[in-house]
Amino acid sequence: MSAIAIVGMQWGDEGKAKVLDALAEETDIVVRYQGGANAGHTVVVGKEKYAFHLVPSGILRENKVCVIANGCVVDPEQLVNEVEGLRARGVRIDGTNLLLSDRAHLVMPYHKLIDQLSEQKKESSGQRKIGTTGRGIGPAYVDKVARSGLRVGDLFRPDYFTRRVEERLTELNVILKSLYGQDALSAQEMAAQVLRLSGALRPFVADTAAYINAALKQGKRLLFEGAQGSLLDVDHGTYPFVTSSNATAGGAATGSGVSPKLIKTTMGIAKAYTTRVGSGPFPTELTDKTGEKLRERGAEFGTTTGRPRRCGWLDMVALRYAIEVSGADAIALTKLDVLTGHRELKICTGYQIDGQTVVRFPSDLSMVEKAVPVYETMRGWREEIEEVRSFEALPKAARQYVERIEELLTVPIAYVGVGKARDALIRRGK
Ligand code: IMP
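Here my numbering is used: the sequence shown runs in plain steps of one and ends on residue 432.
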């Protein structure tokens, strides 16, 4: 029995899909447990590039079962489009290799509308936007917690579904009118619009917690595919500039219905530098030419929104914190190749805040905003490393960079990503 959680250690976009794809080979079941179509996982297979938002990227491998578990919020339209898009490219998807939890909450069209209107309102009233992906994630989780949400299973009880949409819209229409000056939405039309998709989703719908627990008992190997990153976690991230789910490893247990005791290993994924999309503090951000160079070389533009990502040096204060709150056993350090061509590289080992040196990531956002990074400088390298497949064959300075990071951590660096190709991932040690 083995269950591994793959968890982002920064603000998302750490290159989780690449590690997932490599580990999926030795896995039977891949489970998405939180978030929704805000995620964007890219996998490159030969000349083909696949972008995933809801469907676990394990779907590209034969004989894997992919599960969208209860902790996710599912936009039915997006899921149907994604499945159809993948099928059109020859990927087999049916009720035997994709399962959708009947307990997962639905992202309704009004959630996306509220997400976008609320961001626009913040901007026009001079407040700071969260910089959401506009995919309705926050409002869908709000309804879940407020107990006014709709779940995948409700799609198959059309009368109940329509009644619940009516109840929700009775309230929401007041808010839409008074706060945003919007016309009322028709509950009947909206319910019908979503119910039309139920037939396409029906083959996938299952009690996925029962499925996963039975699979674990049978000795199947599971991979929990985290989305976003620990610093975007609603409890542990840079609140309020976070997503609305638990992106740390604990989310894998509640988000899928398995005991935390069964998740034996957590692999933390961190980029060899740092990026962030949307607003919020980012102590090591580089707003100069070096930051631009990282963005260009690293193709740091959002998979979901196309927005340019903010780029900066590796932040060990934030990384050590993420490792702690997710209990990561090892790290996969990705995109090392992006650092080629810098004369020197910097690693942030602490923050200066109000004249004090701080090595623990503060919970107070205003402290993180004031943090001035304390850097260690490392020598860079000029050689391209995309084709390198063993750690020993990396340029000395690249090895030293990885080894220094490892020294500053409490856990080993088990993988090093060196390029876009599927096999451009160096495994270290056993
Ligand atoms: P939301 O998840 O769309 O509500 O967005 C909340 C914050 O999380 C914003 O800063 C987004 O840019 C960020 N975010 C959400 N999903 C991802 C992701 O997959 N990668 C990186 N950032 C993300």
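Glycine residues also receive a C-beta, built at the ideal position from the N, C-alpha and C atoms.
- For Thr277, the closest alpha carbon among the candidates Gly314, Asn72, Thr412 and Ser258 is that of Gly314.
- Counting other Cβ atoms within 10 Å of its Cβ, Asn65 stays below 16 and is therefore classed as exposed.
- Under the rule that a run must span 4 or more residues, the alpha helix (DSSP H) segments found entirely inside the segment 126-167 read 139-147.
- Distance from Gln230 to Ala249 at the Cβ level is roughly 4 angstroms; contact confirmed, criterion being Cβ atoms closer than 8 angstroms.
- Excluding its 5 nearest sequence neighbours in each direction, Lys348 has C-beta neighbours in its own chain below 6 angstroms: Trp315, Tyr377 and Thr379, listed in chain order.
- Measuring C-alpha to C-alpha distances from Glu191 to each of Glu168, Ala216 and Ala330 identifies Glu168 as the nearest.
- Annotated three-state conformation of Glu287 is strand, per DSSP.
- Separation of Ile333 and Leu321 (C-alpha to C-alpha, rounded to the nearest whole angstrom) is 10 angstroms.
- Between the segment 246-266 and the segment 55-63, the count of Cβ pairs shorter than 8 angstroms is below three; the stretches do not touch.
- Within the segment 230-261, the alpha helix (DSSP H) runs of at least 4 residues that lie entirely inside it are, in chain order, 252-256.
- In the DSSP assignment, Ala7 falls within the beta strand (DSSP E) that extends over Ser4 to Gly10.
- Annotation: the continuous beta strand (DSSP E) that includes Ile333 extends over Ala332 to Thr336.
- Shortest gap from the CB of Phe243 to any heavy atom of ligand 1: under 7 angstroms.
- Judged by beta-carbon spacing, Ser328 lies within the 8 angstroms limit of Val9, meaning their Cβ atoms are closer than that value.
- In the three-state scheme derived from DSSP, where H, G and I count as helix and E and B as strand, Asp117 is classed as helix.
- Using a C-beta cut-off of 8 angstroms, the segment 173-192 makes no contact with the segment 201-221, since fewer than three inter-stretch Cβ pairs fall below that distance.
- In the three-state reduction of the DSSP assignment, Ser392 falls in the coil class, being assigned neither a helical nor a strand state.
- Only exposed fits Thr289, as fewer than 16 other CB atoms lie within 10 angstroms of its CB.
- For ligand 1, no non-hydrogen atom lies closer than 7 angstroms to the CB of Asp317.
- Per the coordinates, the alpha-carbon of Arg401 lies some 7 angstroms from the alpha-carbon of Phe393.
- At least 8 angstroms separates the beta-carbon of Ala142 from that of Val176.
- A buried status is given to Asp145, since no fewer than 16 other beta-carbon atoms sit within 10 Å of its beta-carbon.
- Taking C-beta atoms as the reference points, Pro160 and Leu100 fail to come closer than 8 angstroms.
- For the set Gly140, Ala39, Ala53 and Asp156, the Cα lying nearest the Cα of Lys20 is the one of Ala53.
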